[in-house]
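> Residue numbering for the sequence shown follows the working numbering, starting at 211 and increasing by one per position.
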Amino acid sequence: MISNIGNILIFGSIFFTLSIIYISYQNLKTKNLKIGNDLVYYSILQITFIIVSFLLLIFAFIFSDFSLLGVYQNSHTSKPFFYKVAGVWGNHEGSLLLWINVMVIFSYLFFVFNVKSNKIYSLYTLLVQNILILGFLIFLVSSSNPFFKIIPTPTEGLGLNPILQDPALAIHPPLLYLGFVGSSIYFSAAIGAVLSNIIGKKFASSIKIWVLISWSFQSLGIIVGSIWAYYELGWGGFWFWDPVENASLIPWFCMTALAHSILVLEKRNYLYDWVLILSLITFISSVTGTFLVRSGILNSVHTFANDPARGLYILIFLSLMIIFSFTIFIKRRINDKFFIEPISKETFILSNNWFMMFYLVTVFIGTIYPIFTQVLNDTKISVGPPFYNAVIAPIIIPFLILMAIGPKIGWIKQKYNEIKSLIFILILSCILNFFIFFFLKSYNLISNLIIISSLFLILHSIKDFLISIKKKSFINISSFLSHIGFGILIFFIILNHNFSKEFDLNIKVGETKKLENTIIKFQDLKIENRKNYNVIIGNFNIYDTKKNRQKNLKPEIRLYDRPEALTFETAITSNLKQDLYLTMSNIDGSEFYNIKFQVKPFMLWIWIAAFLTASGSLVRIFLKK
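#1: With distance defined between alpha-carbon atoms, name the residue in Lys-731, Val-745 and Ile-730 nearest to Ile-737.
#2: Could you work out which residue in Leu-374, Pro-461, Ser-426 and Ser-489 is closest to Phe-413 when comparing CA atoms only?
#3: I need the DSSP call for Ile-261, collapsed to helix, strand or coil.
#4: Using DSSP with H/G/I as helix, E/B as strand and the rest coil, what is Tyr-770?
#5: What does Leu-610 pair with, by DSSP beta-bridge criteria?
#6: What number of angstroms, rounded off, separates the C-alpha of Phe-316 from the C-alpha of Ser-416?
#7: In whole angstroms, what is the alpha-carbon distance linking Lys-673 and Ala-614?
#8: Within its chain, find whatever has a CB closer than 8 Å to the CB of Phe-840; leave out the 5 residues flanking it on each side and keep chain order.
#9: Would DSSP call Asn-159 helix, strand or coil?
#10: Could you check if Leu-337 is buried or exposed, using at least 16 other CB atoms within 10 Å of its CB as the buried criterion?
#11: Taking DSSP as the reference, what is the three-state secondary structure of Ser-710?
#12: CB-CB under 8 Å to Ser-825, same chain, minus the five flanking residues each way: which ones, in chain order?
#13: Let me know if Ile-622 comes out buried or exposed under the rule of 16 or more other beta-carbons within 10 Å of its beta-carbon.
#14: Let me make sure I understand the geometry here. Which of Gly-369, Phe-750, Ile-472 and Asn-742 has the alpha-carbon closest to that of Lys-724?
#15: For Thr-363 and Ser-285, what's the separation of their Cα atoms in angstroms?
#16: Closest to Ser-689 by CA distance: which of His-470, Trp-451 and Leu-699 is it?
#17: Determine which residues share a DSSP beta bridge with Gly-748 and list them.
#18: Within the continuous beta strand (DSSP E) that includes Leu-792, where are the two ends?
#19: Drop a sphere of 10 angstroms on the beta-carbon of Met-211, count the other beta-carbons inside from all chains shown, and report buried for 16 or more, exposed for fewer.
#20: Note down, in chain order, each residue of its chain lying with its Cβ closer than 7 Å to the Cβ of Pro-608, except the 5 sequence neighbours on either side.
#21: How should Val-571 be labelled, buried or exposed, when 16 other C-beta atoms within 10 angstroms of its C-beta is the threshold for buried?
#22: What separation, rounded to the nearest whole angstrom, lies between the Cα atoms of Phe-174 and Ile-729?
#23: Can you name the residues that DSSP bridges to Ser-398?
#24: So what does DSSP say about Gln-236, is it helix, strand or coil?
#25: Would you kindly check if the distance between the Cβ of Val-314 and the Cβ of Ile-257 is under 8 Å?
#26: Grouping DSSP H, G and I as helix and E and B as strand, with all else coil, what is Ser-784?
#27: Are the Cβ atoms of Thr-492 and Phe-397 separated by less than 8 Å?
#28: Following the continuous beta strand (DSSP E) through Tyr-806, name the residue where it begins and the one where it ends.
#29: Ordered along the chain, which non-local residues of its own chain (more than five positions away) have a Cβ less than 8 Å from that of Lys-787?
#30: Can you check DSSP and say which residues form a bridge with Asn-762?
#31: What did DSSP end up calling Leu-828 once you bin it into helix, strand or coil?
#32: Residues bridged to Ala-775 by DSSP?
#33: Please report the distance separating the alpha-carbon of Ser-358 from that of Tyr-282.
#34: Go ahead and pull the three-state DSSP assignment for Leu-715.
#35: Taking Phe-292 as the reference, which of Tyr-235, Ala-378, Ile-656 and Gln-236 has the closest Cα?
#36: For Arg-759 and His-707, what's the separation of their Cα atoms in angstroms?
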């Protein structure tokens, strides 16, 4: 029953999408620029059918309808309710339907909010967006149908990957999809702008809100994913430069550059071509990342749904997107004004955009390089943190300085009356850096320079904020939040990187180990039967001899039965100064357990700073200028 209704809804969505494409094309062809009721009705029916199909799939997971292949492969009756719902997008078919839902929602909202704008522009945008939607709908029904029925109906499902059974990862994919899939609307709008000759401020104003929304969700998605990786994967880090992590970061670089370029286009009518290119590249990079992950050509600890055949479809679709969009851009683009004053806000924004592009290219090359080594000499390699840290770390120093100076620089030309203030803040940053690293006894040159530049950004942002309070002007509150948040983030990441400690040892129940100023006692083990897994709970007493404090950490070893899997759950205790981080694994045939104990300084500040950075765009969305 559910299978039949779901398929009717999907094919109905295809029909309405084709209708929107046909009506939009005919209106443009006949120069009938009126947005008629037919387009409105078909758009409403399209979004209704798509959303209802997704809700129906959620219903199937909640009530364990194992007649659907996706439900059978990714759920079981004993799974908690929350993870039954999360299982909807914990597989390829469900995640693709979520992808299409996001595209349709953004298409409909753009259509509604721009119905009174230039009609040619709106129709072209609607046309391109629905061509994209149609492409993914065809992909859905041809190879990824979430309503595919199996006969006979199994009595029990196989279950969801245990790693995915986590609150953070349950909300992580929807946030990311709202981010990078939401970028499809300004991809379509960019093509629509070129074809309709909408230029400058009008185009910037029409996409600004959508860029900010997608950037906000993308940022939140990355943050939540980092938190999950930190406590779930057991290695104690929050970013590993894994291909899947990189696939989410590359569009974020584009979005960040685009959000700042739009300011220049709105204020000064410069960088129109640059905004167009970034609008195109953002969604193209999103689909590229999806191809790399879903095709299976890159290995990742985060990959849970890949298929080479499906990857081929995405590759073909991606190639057509690139050819089509850039052909139109090259043929119809408007020559931009490239001359700007050397000392101006425009210059600083453009400079930092080029830094973003450098980061993007670096991450992209590092991600795809293993593919070429495997093809050329059949050697499997991975490009890890040492490469990215070595290339990116030095370049972040001028980037942070430009972030600090840029917002204070006037449009067109700066009057040079801020130089003394800048020099004073720079000297103060150097002094603070000296005391920080003298106290902590670290003398790494690059780390010190990054600390100085991050302090420079933090102090300069605070100074500007205090001045705005004095003048009773809060116009740049969003910029302040994002910039100071980013400065604090980099500051504590460097401290965390330099002063983290890790100990690896074997220990048995009742045994005590001394590690520097820490005494670890393995007090006891407890075995429990939970709803969908069995668990071994270790009880460890962590005693700080220097501060005369003790904590209890209880890492877990979980054995899931559907599917059969063994996971190692971390135990973490946090405060503003540091995290104590402990994982435990059993050694086969031995009374000993292997534990990894880590001291991770300032982790809580990293999460606070990350959310503070993301909050800036949210403030800009909801507050009027």
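Where is the CB? At the ideal position from N, CA and C, for every residue including glycine.
With the structure as the only source:
#1: As a working note, residue 737 is residue 527 in the sequence shown. Looking at the Cα atoms, Val-745 is the closest of the given residues.
#2: In the sequence shown, the residue the question calls residue 413 occupies position 203. Minimum Cα distance to Phe-413 is reached at Ser-489.
#3: For the purposes of this step, residue 261 is taken as the residue at position 51 of the sequence shown. It is helical.
#4: Start at 1 with the first residue of the sequence shown, and residue 770 comes out as number 560. Reduced to three states, the DSSP call for Tyr-770 is strand.
#5: Reading the sequence shown from its first residue, position 400 is the one you call residue 610. For Leu-610, which the question treats as bridged, DSSP gives no partner whatsoever.
#6: Counted from its first residue, the sequence shown places residue 316 at position 106. Counted from its first residue, the sequence shown places residue 416 at position 206. When rounded, the distance between both Cα atoms is 13 Å.
#7: The residue labelled residue 673 in the question sits at position 463 within the sequence shown. The residue labelled residue 614 in the question sits at position 404 within the sequence shown. Using only the alpha carbons, I get a separation of about 11 Å.
#8: Residue 840 cannot be examined here, being either before or after the span of the chain that is shown, 211 to 835.
#9: Within the shown structure, residues of the chain are numbered from 211 to 835, placing residue 159 beyond reach of any answer.
#10: On the sequence shown, position 127 is the one that residue 337 refers to. The residue in question, Leu-337, is buried, as its Cβ has 16 or more Cβ neighbours within 10 Å.
#11: Taking the first residue of the sequence shown as position 1, residue 710 is located at position 500. Looking at Ser-710 - three-state DSSP - the assignment turns out to be coil, as it is neither helix nor strand.
#12: As a first step, residue 825 must be located in the sequence shown, where it is residue number 615. Answer for Ser-825: Leu-691, Ser-692 and Gly-695, listed in chain order.
#13: In the sequence shown, counting from the first residue as 1, residue 622 sits at position 412. Any reading at Ile-622 is ruled out, since the residue's pLDDT is 44, under 50, leaving its predicted position unreliable.
#14: If you number the sequence shown from 1, residue 724 lands on position 514. When each option's Cα is compared against that of Lys-724, the closest is Phe-750.
#15: Start at 1 with the first residue of the sequence shown, and residue 363 comes out as number 153. Start at 1 with the first residue of the sequence shown, and residue 285 comes out as number 75. Using only the alpha carbons, I get a separation of about 14 Å.
#16: What you label residue 689 is simply residue 479 of the sequence shown in a count that begins at 1. Of His-470, Trp-451 and Leu-699, the residue nearest in Cα terms is His-470.
#17: Within the sequence shown, the letter at position 538 stands for residue 748. Gly-748 is bridged to Leu-735.
#18: The count along the sequence shown starts at 1 and reaches residue 792 at position 582. Segment 788 to 796, the beta strand (DSSP E) holding Leu-792.
#19: As a first step, residue 211 is located in the sequence shown; it is residue number 1 there, counting from the start. Answer is exposed; the Cβ neighbour count stays below 16.
#20: In the sequence shown, the residue the question calls residue 608 occupies position 398. Cβ contact annotation for Pro-608 (same chain, cutoff 7 Å, sequence separation greater than five): none.
#21: For the purposes of this step, residue 571 is identified with residue 361 of the sequence shown, where counting begins at 1. By the 10 Å Cβ count, Val-571 comes out exposed.
#22: Absent from the model: residue 174. The displayed extent of the chain is 211 to 835, so no value can be given.
#23: In the sequence shown, counting from the first residue as 1, residue 398 sits at position 188. BP columns for Ser-398 are empty, so no partner.
#24: In the sequence shown, residue 236 corresponds to position 26, counting from 1. Three-state result, Gln-236: helix.
#25: Working through the sequence shown from its first residue, we reach residue 257 at position 47. Working through the sequence shown from its first residue, we reach residue 314 at position 104. Result yes, Cβ atoms of Ile-257 and Val-314 sit closer than 8 Å.
#26: Taking the first residue of the sequence shown as 1, we reach residue 784 at position 574. Strand.
#27: For the purposes of this step, residue 492 is taken as residue 282 along the sequence shown, with counting starting at 1. For the purposes of this step, residue 397 is taken as residue 187 along the sequence shown, with counting starting at 1. Yes. Within cutoff.
#28: Working through the sequence shown from its first residue, we reach residue 806 at position 596. The residue asked about is misnamed: residue 806 is Lys in this sequence, not Tyr. Where Lys-806 is concerned, the enclosing beta strand (DSSP E) stretches over 802 to 811.
#29: Start at 1 with the first residue of the sequence shown, and residue 787 comes out as number 577. So the qualifying residues of the chain are Pro-811 and Phe-812.
#30: Taking the sequence shown and counting its residues from 1, one reaches residue 762 at position 552. DSSP lists Asn-751 as partners of Asn-762.
#31: Along the sequence shown, read from residue 1 onward, the residue named residue 828 stands at position 618. Correct three-state label for Leu-828: helix.
#32: Taking the first residue of the sequence shown as position 1, residue 775 is located at position 565. Secondary-structure assignment with DSSP links Ala-775 through a beta bridge to Tyr-770.
#33: Counting from 1 along the sequence shown, the entry for residue 358 is found at position 148. Counting from 1 along the sequence shown, the entry for residue 282 is found at position 72. According to the sequence shown, residue 358 is Phe rather than Ser. Near 11 Å, if we compare the C-alpha coordinates of Tyr-282 and Phe-358.
#34: For this step, residue 715 is matched to residue 505 along the sequence shown. If DSSP states are grouped into helix, strand and coil, Leu-715 belongs with the strands.
#35: Position 82 of the sequence shown, counted from the first residue, corresponds to residue 292. Ranking the options by Cα distance to Phe-292, first place goes to Ala-378.
#36: For the purposes of this step, residue 759 is taken as residue 549 along the sequence shown, with counting starting at 1. For the purposes of this step, residue 707 is taken as residue 497 along the sequence shown, with counting starting at 1. Roughly 24 Å separates the two Cα atoms.
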